[in-house]
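Protein sequence lines correspond, in order, to chains A and B. Residue numbering for the first sequence is 7 to 132, as defined by this note's numbering. Residue numbering for the second sequence is 447 to 558, as defined by this note's numbering.
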Amino acid sequence: DVKVTQSSRYLVKRTGEKVFLECVQDMDHENMFWYRQDPGLGLRLIYFSYDVKMKEKGDIPEGYSVSREKKERFSLILESASTNQTSMYLCASTLTRNIRWGRKWTGHVYSNQPQHFGDGTRLSIL
Amino acid sequence: ELKVEQNPLFLSMQEGKNYTIYCNYSTTSDRLYWYRQDPGKSLESLFVLLSNGAVKQEGRLMASLDTKARLSTLHITAAVHDLSATYFCAARPATSGSRLTFGEGTQLTVNP
């Protein structure tokens, strides 16, 4: 079974703090994702990564950054936490085959596997 | 930009009844996923639908996909309390790689 582990289930931080959320997967998946989940809004993609040291902005990247130094680990960073970043944060990973043409990703993948999610981190910013 | 809408957002039903959750998406998608989330828990994959006319069934849940109508349905047959959860659909744009766009979720409550 795929295991996606998020470092904390609950986290309370103060406005202006730099916050790190960690996610580790044990299945050698290339792709990893960070979402936030808010009532009535579903899941919104913050950032994702196709491979080590590669990252792509999702739909709501403002105020966030990410780091992928190792294949199994994907970190979400709140540079200066604000109260509107209070939310549930979900990490996911999936196994895909990315096609690279030279140094560019073509964006075409051929895997149908679903994304596997961690248990989530409920983050409160005071 | 792909948008995914679910209907209804809240559903309260009695045990033993049938009902359908609808998932509409706005642009071409080549993959449609259904997930379940229990309160305080993570998302669990239910179905992956890959082509027009695809139908998948697991227990009392059946999912189908009509790519021409840009519609997927999740049909619940003879609901039981254990099916109470939030159900999400997610679509993958045809050219987006592995990223998904999720619907708002349907919160299902099955009453005895």
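Glycine residues also receive a C-beta, built at the ideal position from the N, C-alpha and C atoms.
Whose C-beta lies closer than 6 Å to the C-beta of residue i among residues of the same chain, with five residues either side of it excluded?
{"i": "residue 119(A)", "result": "100, 101"}
{"i": "residue 466(B)", "result": "519, 521"}
{"i": "residue 79(A)", "result": "30"}
{"i": "residue 493(B)", "result": "480, 502, 509"}
Alpha carbon to alpha carbon, what distance is there between residue j and residue i?
{"i": "residue 114(A)", "j": "residue 498(B)", "result": "Interpretation of residue 114(A) is limited by its pLDDT of 47, a score under 50 that renders its predicted location unreliable; the figure taken from the coordinates is listed afterwards. Spanning the two alpha carbons is a distance of roughly 20 Å."}
{"i": "residue 75(A)", "j": "residue 57(A)", "result": "9 Å"}
{"i": "residue 91(A)", "j": "residue 554(B)", "result": "27 Å"}
{"i": "residue 82(A)", "j": "residue 475(B)", "result": "28 Å"}
{"i": "residue 127(A)", "j": "residue 486(B)", "result": "10 Å"}
{"i": "residue 2(A)", "j": "residue 470(B)", "result": "Past the boundaries of the shown model lies residue 2(A); chain A is included only from 7 to 132, so the question cannot be answered."}
{"i": "residue 45(A)", "j": "residue 59(A)", "result": "32 Å"}
Out of the options, state which residue places its alpha-carbon closest to the alpha-carbon of residue i.
{"i": "residue 121(A)", "options": "14(A), 47(A), 51(A)", "result": "51(A)"}
{"i": "residue 472(B)", "options": "533(B), 550(B), 516(B)", "result": "516(B)"}
{"i": "residue 477(B)", "options": "555(B), 553(B), 527(B), 510(B)", "result": "510(B)"}
{"i": "residue 15(A)", "options": "21(A), 29(A), 24(A)", "result": "29(A)"}
{"i": "residue 523(B)", "options": "461(B), 456(B), 457(B), 447(B)", "result": "461(B)"}
{"i": "residue 398(B)", "options": "130(A), 47(A), 80(A)", "result": "Absent from the model: residue 398(B). The displayed extent of chain B is 447 to 558, so no value can be given."}
{"i": "residue 131(A)", "options": "124(A), 59(A), 93(A)", "result": "93(A)"}
{"i": "residue 557(B)", "options": "514(B), 495(B), 529(B), 545(B)", "result": "529(B)"}
Please confirm whether residue i and residue j have their CB atoms less than 7 Å apart.
{"i": "residue 97(A)", "j": "residue 18(A)", "result": "no"}
{"i": "residue 547(B)", "j": "residue 537(B)", "result": "yes"}
{"i": "residue 53(A)", "j": "residue 25(A)", "result": "no"}
{"i": "residue 70(A)", "j": "residue 27(A)", "result": "no"}
{"i": "residue 37(A)", "j": "residue 491(B)", "result": "no"}
Kindly list the residues whose CB is nearer than 8 Å to the CB of residue i, restricted to its own chain and excluding five residues on each side of it in sequence; keep chain order.
{"i": "residue 89(A)", "result": "21, 131, 132"}
{"i": "residue 489(B)", "result": "481, 482, 483, 534"}
Please check if any C-beta of chain D sits within less than 7 Å of the C-beta of residue i.
{"i": "residue 516(B)", "result": "Among the chains of the structure shown, chain D does not appear; the protein chains present are A and B."}
- Query: Are three or more beta carbon pairs between the segment 499-508 of chain B and the segment 451-460 of chain B nearer than 8 Å?
  - Reply: no
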